[in-house]
Amino acid sequence: MNIAFFDAKDYEIPYFEQYGEGAGINIRYFKTNLSKETVELARGTDYVCVFVNDRVGADVIDALESLGVRGIALRCAGYNNVDLERARGRIAVVHVPAYSPYAVAEHTMAMLLTSIRRLHKAYNRTRDFNFSLNGLVGFDLHGKTVGVIGTGKIGRVFIDICKGFGMHVLAYDPYPSKEVQAEYLPLAELYARSDIISFHCPLTAQSYHMLDKAAIDQLKKGVVIVNTSRGALVDAGALLEGIKERKIGAACLDVYEEETDLFFEDNSGHILDDDTLARLISMPNVLVSSHQAFLTEEALSNIARITTQNIKDLHEKGECANRLV
Ligand code: NAI
C-alpha cells in the first residue's frame with residue numbers, strides 16, 4: 001500500500017512511521033499542500049493523506065481519480081476542505097472523527113485564561129524585568145456566563161471545564177442533547193446573554209459567518225470571543241470592527257478564515273499581505289495561535305493510529321467505519 005502524505009510536518013512523521021510500518025503502509029511524505037498544482041505527486045499511490053489546509057475540490061478529486069487513487073484519508077475531524085459530493089461513488093473519503101476532544105477543549109480554556117489574565121503580556125514583561133502590574137487587571141471566570149456553540153465531543157468537554165470554574169453555561173446546537181448539563185437557547189438569546197462565547201461546531205453552509213456584523217450588534221459589551229473551531233464561522237472583518245468599536249472585549253483565535261496560505265508555516269521573514277490579520281494581531285486584546293489546539297502527544301498518536309487503520313480497512317475490506325462517502 002502506497003500513500004502520498006501531503007502537508008507533512010516534522011512533529012507528526014514519527015507517529016505515522018510507527019503506525020504505518022505496523023500496518024504495512026509505505027508513506028511518501030511531501031511538505032507541499034495537495035492542490036491542483038501538486039496533485040501529480042500522487043501518481044503511483046493508492047491513497048492520499050491530507051490535513052485541514054489541503055484543497056481537495058472537484059478539480060483535485062477528478063485528477064486523483066484519473067491517477068487511479070482509491071481513497072482520500074483526512075488526518076483530522078473536519079472535512080469542509082473536501083468536495084464530498086464530487087467524491088461520492090468515485091473515490092472513498094475517510095476521516096478521524098475523534099482523537100482527543102480534551103486537546104482542543106483544554107487549549108480553548110488555555111487561550112481564554114491567557115487572554116483574560118493577560119499572561120501573554122506578563123510573560124513578555126517579566127523577561128524584561130518589568131514587574132509592573134499596570135494594565136494587567138483581569139476578571140474572574142467564576143460566576144460568568146459562557147455561551148457554547150456546538151455541544152458535540154469538544155463542546156461537551158469544554159462545558160465540563162467551564163463548570164469546574166463555576167461558570168453558568170448556555171448552549172446552542174441544532175441537535176440539543178439531554179446529556180449536556182447546559183441551558184440550551186436560541187442563538188440570538190445566547191449571543192445577548194453571554195460574557196464569553198466559544199465556537200465548537202463544524203463549518204457548513206449554515207454556520208458560515210454565524211458571527212457577523214448583525215450578530216456582533218446583539219452581543220454584550222466587553223464579550224470575549226473564542227474560536228478554536230473553524231475560522232470562517234467568524235467574519236474576521238466584522239470582528240475587527242467590533243474590537244475597534246470596543247464592543248468586543250477580547251478575542252482568542254486558534255483559527256482564521258484566511259489561514260490556508262499562512263498557518264503552519266514560518267512567515268516571519270515575509271511581509272503579511274492580509275491587513276485584517278495583521279491588524280487583529282496588533283491588538284493588545286487579541287490572542288492568536290496557529291491552529292494548534294489539537295497539538296498534543298495523545299492527539300498525534302491517536303490521529304496516526306486511526307488514520308493508518310482507516311486506510312488498512314479500506315484497502316483490505318473495502319469498507320471503513322470512519323468513511324464519509
Ligand atoms: P462533533 O461533530 O462531535 O460536534 C459538533 C457539534 O456541532 C454537533 O453537536 C452538531 O450538532 C453541532 N452543530 C452542527 N451545526 C451547527 C451549527 N450551525 N450551530 C451550532 N452547532 C452546530 O465535533 P467535535 O469533535 O466536537 O469538533 C467540533 C469542531 O472543532 C470541528 O468541526 C472542527 O471544526 C473543530 N476542530 C478544531 C481543531 C483545532 O485544532 N483547532 C481540532 C479538531 C476539531
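The sequence shown begins at 1 in my numbering and counts up by one.
Where is the CB? At the ideal position from N, CA and C, for every residue including glycine.
- Contact check for Tyr15 against Ser301 passes: the beta carbons are separated by less than 8 Å.
- DSSP, read as helix, strand or coil, puts Ala251 in strand.
- Setting aside the 5 residues that flank it on each side, Ile116 is surrounded in the same chain by Gly138, Phe139, Leu141, Val224 and Ala250, each with a C-beta closer than 8 Å to its C-beta; the list follows chain order.
- Boundaries for Ala215: no beta strand (DSSP E) harbours it, while the alpha helix (DSSP H) harbouring it runs Lys213 to Gln218, taken from the DSSP string.
- Within the chosen limit of 7 Å, ligand 1 does not reach the beta carbon of Ser198 with any heavy atom.
- Per DSSP, the beta bridge partners of Tyr29 are Phe5.
- Rounded to whole angstroms, the gap between the alpha carbons of Tyr99 and Gly143 is 31 Å.
- For Thr204, there is no enclosing beta strand (DSSP E), since its DSSP letter is neither H nor E.
- If you ignore the 5 residues before and after Asn310, its C-beta comes within less than 6 Å of the C-beta of Ala73, Val94, Cys320 and Asn322, all in its own chain and listed in chain order.
- Minimum Cα-Cα distance from Asp212 among the listed residues Ile243, Glu183 and Asp54 corresponds to Ile243.
- Taking 7 Å as the cut-off, the C-beta of Lys9 does not count as close to any heavy atom of ligand 1.
- Counting the other Cβ atoms within 10 Å of the Cβ of Glu257 gives 16 or more, which makes it buried.
- Per DSSP, Val94 is one residue of the beta strand (DSSP E) stretching across Ala92 to Val94.
- In this structure, Pro202 has its CB closer than 7 Å to one or more heavy atoms of ligand 1.
- The closest CA to that of Asn285, considering only Ile91, Thr114, Gly78 and Ala77, is found on Thr114.
- Take the alpha-carbon of Leu280 and the one of Leu203: they are about 21 Å apart.
- When the Cα atoms are used, Glu245 and Tyr175 turn out to be separated by approximately 34 Å.
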